[in-house]
Every structure is written in structure tokens, then in C-alpha cells.
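Since the structure comes first, as C-alpha cells, the remarks are kept for the end.
Chains as they are written, first to last, in the working numbering: chain A, 4 to 422; chain B, 27 to 361.
What follows is the structure, encoded as C-alpha cells:
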């Protein structure tokens, strides 16, 4: 009966292959970042991340130690330089074959003695040690070049995460930004849910004039671009902060605190502090305001679908509206509450614009991860180990939430879009 | 105070305050203002029930009004004003708009936005529909869906970093670490390309990021819609000898047209507001400017509130048809 998947094996194959292709296409970009975050900067620049997952045949070019400093006279007129290919910071690997010219990379196998003419010889062993032998004239000047091909096993490291998250100097600022992001996200997720739940209940189950108009307004506000709110609200926040600080002490023309009273002290303000309209409070309120239309819309749609009997029976039994709401509606609406919570969490965690405008001041103490990453893109654009790791730290939490709560996310999307 | 402590306190105050407000207001209404006892009990209950909705709605109306409705009006007014030294403003009529229309950067942003609005919703919806249809009957379809849906959870900034790595170009004689250039060279390309600096093409490379993110959304919704199609219509078509393509385009797609339109408009709105991707990847250089980033530039880099507000109004203007259509549909449903 299924026409697309058909019964013909060829069609089934074509279908499977195209889905594999599509899936890999969508997975590959993220996978690249993920893999890169476990590689050192040398590894990242030496080869593409896709080749890092397999043992790689790699040809390395090295030089013997400087003969003028390191040669030893073993017998009259015979000089020797001994060393190891892996003493210059390379990881030791088994050497299969080697050569002394770039035109014959695998002329010799490990342990062979290469005759360089006039009695000069070079030997490279499987463990990387080499012996370069010749007379006074031959073992001087530029050191002998040699090439070898080795199979390098996949090698991953956690050092990038160490540097990004645990570094004492906190040079990338990601650890602090991580906690700042959390500080923004948690209240910005909980507060709108609370406010929206009450409003949605009123819009779904209470009779009052203007209800239809309010629902229509909420639907309209769903699509109002956030961009419009930036300047008016920033001005409003500055004004509100000035009003608030005027309660805490005296403020001069440049909005600096010249004296602080007991209330300001309690609030942790100090003299000379500049009042800015930016801070966590503003960011929380902004996220609340911008998240509310979707919250009310989703929750109202869900609550309207709850069985009328339950609510009316409760009313007949003498329950107050407040009791109906907290004891019946809220527990029943859990799936809708969960799906909005996930939306709001993802949106606030991933947000850049609101943080830029309402939160991050010139001190940079309240920077969030998204802003930090943009900064890294500008200042350390080529340092992929830092960039990839920082980006992955910020992506990891939403991905975790996504995979754990996917069911609710899908439900929420369906409730929000398909009417 | 440590921000985490401050955050914790605020959660407690904010959440406690909210609960306290709703609980307190209800108790006050039922016990003090209009008690449901005594000689006027009946009338009091009615009165209380008339007021209660507004108690429940109060904070929401306040927040919506202050954070969404008021700014629309305020931005509209600001777009006709000029900022003078000392926080004063002067009315300048349409000067902000005419200055803006004369700017080449604005024309570029408009052109790119139109391009984005044409390409992104169409591509994301088509890919989503394709993915939904293909994965529908596969045994491992859910894994595939999860992976295509996953970019939804990734921030625009994170996606920008991810795709910068994809587009990375290295000099010709060293190993390529960006997969696009690697493939390009494998396919016979002459030399590695700096993809994000090639005008016009680079806009498409930026759009790819948004398409990558939005396809999962389209797929999830369209997949649900496809499953909602009555089996009989498909069976009838098979019996009548329709081939798979005819079934898909002539039977399935027309039946889910309504959902396709909803998905399309939702992605259109997301596209209109796109800011982070351009901001993080090119910041509007190499002719990739879009309206939202242009506006941010005007507001916070050039500090020109008038022109910034004017460009915000352009975005609002572009959203308005969708807004009206949504409200119209919602009202139709309520009746």
C-alpha cells in the first residue's frame, strides 16, 4: 500500500541511501566542530577533521641534529651524529619506510643503511633513532634531511576543554560566561511561565468582555519583531534605573552615585558607581516580555482543550478559581508547560541580541557565552581549537535538553503552528 | 554580590512575588472586597468573578504592553525624530527615511533581505517536506529525524562557528581543513576559495546556515501533517494507477497545503529577524548586509536612533501582512 517505499528492492535502496545522505549532510557540520574540539591546534591545521578518525599514513620531513654541535668523533676522522626522530616533540610511532630525498620517500625500510656516497651513511631504525656517519667534511654544515612515512593512530585530547573551562587565568572567559548565561536563563524561563499560565487560564476559561480582542492581540504580538523594542526599552530601563537609584542615594548629571543611603548600601551599591540601564534585571524582564505571546498562545490553546466537565464540576463543588487553577489546570497542563519551558530555555540560552542590548555593559562582567564566542571569532578567528571548544561548550547544554525533552518540544511545535 | 546569588534571590523574589500576587489578590477579592457571605453574597460572587479575570491577566497585559505594544508606537515616533545633544529630540519628518533610502548599504540590505525571504523559506520548507516524506516509513526514520531536527537547539552563533569551519580556506599548498574547500578541490576546483568574501554567493552560504537550522522545524510539522492524511485517499490513488510522484504532488501536497503555508510564514518571520548569523559571520561585509544587522549598526555603532528606528519600522512593515493574516485566522477560529 505504501507507494513511495514500494516493494521493489531498488526503490527501497534508493530511499535508504538518500535518507542516509540527507542525514549525514545535516550531521557533518556539527560533527566537524565536535571532533575538532578534541584535537590540538597542530592537528587541526595539519589535516581535515574527517581524516582524524582513522589511522593516517603521514609523511614527515625532519632534519638530523645540528652536526657542528652534536657530532662525536668515534675514531680518527669518522664523525657520528646520533639522535631520535621523536625527540623534537613528535609522538613516537612505528616507522615503516623512509628516504633521504623528497623524490624517493620510501627508498629504504626501517633499519636499512643508506649510502650517501663517499662513505657517508645514514640509518633510521623503526623506533626513530638514527645514526649519521661520515668524515669531517660530510658531517658539518647543514644537517641531513630525512623523510619517513608512519601510520599515526587517531589521537584526541581533552586539553582544549581544560583550557577553555578550567584555566586559572580564565583567558577565554568561557567559565564565567557559562554561569552568566545560566543566571540569565533560569529566571527568564520561570517568570514568563508563571505569568502566562494565569493569563492563559483566564483567556481559556473565564467569561469577560474583551476576551476575543485580547486573544487576537496576543496572536498579533507573536510576530512583532524584537528589533522594534530595543531603543524604547533601553531608554525605559535607564529611566527606571535612575528612579530606583534616586531612592538609594543622590545621582549627579552623569548618572553617577554621589552618595549612598542605607537602602543603596543594602543593595550593594557604592559611591561613584555609574548607573547603567543594563543588567540582569533588564534582561530577565525583556526575555519575559518577548516570550509571553508564545507562552500565552501555547498554554491557552492547550487549556481550551481540557475537558469542560472537570472544571465545571469543581466549580459546582465550591472550588475557588484559584484552587481550580492550581489543583486542576496546572497539573493537567504539564505537557504544554514543559514544551514552552524548553522553547524559552533554548531561546534565552541561544540569544545574542537581547544580551547585547540589555545586559552586557562596558565592564564586560556580565558577558554571556554567545557574545564571548562572537568576540573569539573576531580576535582568535584562526584558533580553531579554542573556537570549536568554546562553541561546543555553549551548544552542549541545549543539545542535552533537546535530546532529553524532544517529545515535549515536538508537541509544543505542533500545538504552536498547526491550528 | 555574586551574580549567581543575585540570580537565586531574584528567582525567589520574582517567583515568590508572582505567586504571592496571584494568591493575595484572590484572597483579597474573595474575603475582603466582595465576601461570598452575608446578605449580598450572590451579588458579591458575580462582582468578584467580573474582576478576577483582570487579576489573572494583569501582569501579562502589563508585560505585553510595556515590552511589545508600547515599543511599536515609540519606535514609530522615534523614526520621525532626530537625537540632539543632551537627550533632547527634534521632529524631522521623513528625513530619517529619505536619508536611509539614499544609502547604498540600505539598498544592499533590502536586496539581500528579499533574497533571503525568497530562498530560505522555500528551501527549508522543501527540504523539510522531502525529509518528512522520505523518513516516514523507514524503520530508522526517527534517528534520522532527530539528527535533522537537532540544529533547532543550536544557537545562531554556534551555527556560525560550525559553518565557518565548513567554509574555512587555507592556502593552496597546505591541507584544507574546511570540508567545502576539500570537496571543491576534489571535484577539480583550481584553488581554495574564501567563500564568505565572494559577493552574492556569500549570501547563499549564509542562508545555508539558516536553512540548516529551520529544515528540522519544517520536517517535524510537515511529518505530522503527512501522517494526518486519510489513508483512503492514497489507497484510491494507488488503485487508480497513480505513480509515487503523482501521489506525492497531486494527493498528499494539496491536502497539507494549509500546514505548508503555516510553516512557510513561520520561517519567513524567522528569516526577517535574522541577525546573529550575519553579525557573527561577516557583520555585513562583502555585500552581505541584511536589515536586522543594518539596524543594529545604525543604533549601536553609528548611534543614530532616528535611522535605526526607521529601519526597524521597515522590518515591522514587512511583518505586518503576516500579522494581519494570523489575527484574521485566529478570529475566524474563535467564532
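We put the beta carbon where it would ideally sit given N, CA and C, even for glycine.
From residue 404 of chain A to residue 345 of chain A, what distance separates their C-alpha atoms? 8 Å
Going by C-alpha distance, which of A:131, A:80, A:112 is nearest residue 123 of chain A? A:80
Compare the Cα-Cα distances from residue 407 of chain A to each of B:179, B:86, B:34 and report the closest residue. B:179
Straight-line gap, residue 233 of chain B to residue 85 of chain A (C-alpha atoms, nearest Å): 57 Å
So for residue 106 of chain B, helix, strand or coil by DSSP? coil
Apart from the five residues on each side of it in sequence, which residues of its chain come closer than 7 Å, Cβ to Cβ, to residue 116 of chain A? 124, 126
Would you decide whether residue 39 of chain A is buried or exposed? Buried here means 16 or more other CB atoms lie within 10 Å of its CB. buried
Return the first residue and the last residue of the alpha helix (DSSP H) that residue 227 of chain B is part of. 227 to 253
Within chain B, partners of residue 50 of chain A - CB distance below 8 Å: 201, 203
What residues in its chain sit with their C-beta under 6 Å from that of residue 167 of chain B, if we drop five residues either side in the sequence? 161
Per DSSP, the bridge partner or partners of residue 104 of chain A: A:107
Please list the residues of the segment 31 to 49 of chain A that have a C-beta atom closer than 8 Å to any C-beta atom in chain B, keeping them in chain order. 31, 32, 33, 35, 36, 39, 47, 48, 49
Compute the distance between the beta-carbons of residue 320 of chain B and residue 131 of chain B, then report whether it is under 9 Å. yes
Proximal residues of chain A, C-beta to C-beta of residue 56 of chain B below 7 Å: 323
Less than 9 Å separating the beta-carbons of residue 82 of chain B and residue 204 of chain A? yes
Residue from A:225, A:77, A:305, A:284 with nearest C-alpha to residue 247 of chain A: A:284
Hey, is residue 302 of chain B's beta-carbon within less than 9 Å of any beta-carbon in chain A? yes
Any beta carbon of chain B sitting closer than 9 Å to that of residue 404 of chain A? yes
In whole angstroms, what is the alpha-carbon distance linking residue 191 of chain A and residue 325 of chain B? 25 Å
Exposed or buried, what is residue 258 of chain B when buried is set at 16 or more other beta-carbons lying within 10 Å of its beta-carbon? exposed
Helix, strand or coil for residue 199 of chain B per DSSP? coil
Quick one: complete alpha helix (DSSP H) runs, 4+ long, within the segment 134 to 218 of chain A? 177 to 208
When you compare the CB positions of residue 228 of chain A and residue 338 of chain B, do they come within less than 9 Å of one another, or not? yes
Return helix, strand or coil for residue 42 of chain A, following the three-state DSSP convention. coil
Please work out which residues of its chain come closer than 6 Å, Cβ to Cβ, to residue 320 of chain A, disregarding the five sequence neighbours upstream and downstream, and give them in chain order. none
Exposed unless 16 or more other CB atoms sit within 10 angstroms - verdict on residue 281 of chain A: buried
When Cβ atoms are compared, which residues of the segment 173 to 196 of chain A fall closer than 7 Å to chain B? 182, 183, 186, 189, 190, 193, 194
Against chain A, does residue 52 of chain B count as a neighbour if the rule is that its beta carbon must be under 9 Å from one of theirs? yes
Reduced DSSP category for residue 71 of chain A - H, G, I as helix; E, B as strand; rest coil: helix
If you count every other CB in all the chains shown that lies within 10 Å of the CB of residue 195 of chain A, and 16 or more means buried, which is it? buried
Using a 10 Å radius around the Cβ and a threshold of 16 neighbouring Cβ atoms, would you call residue 5 of chain A buried or exposed? Residue placement at residue 5 of chain A cannot be trusted, given a pLDDT of 47 that sits under 50; what the coordinates show is reported in the next sentence. Exposed: under 16 other Cβ atoms inside 10 Å.
Expected contact under 8 Å - CB spacing of residue 1 of chain A and residue 82 of chain A to nearest Å: What is shown of chain A runs 4 to 422, which leaves residue 1 of chain A out entirely.
Per DSSP, what are the beta-bridge partners of residue 118 of chain B in this structure? In DSSP, residue 118 of chain B forms no bridge with anything.
Counting only beta-carbon atoms, is residue 353 of chain A nearer than 9 Å to chain B? yes
Which residues in chain B sit within 9 Å of residue 314 of chain A, going by Cβ to Cβ distance? Near residue 314 of chain A there are no residues of chain B at all, since even the closest Cβ is about 14 Å away, more than 9 Å.
9 Å Cβ cut-off: residues of chain B touching residue 365 of chain A: Correct list: empty, because the minimum Cβ distance to chain B is about 12 Å.
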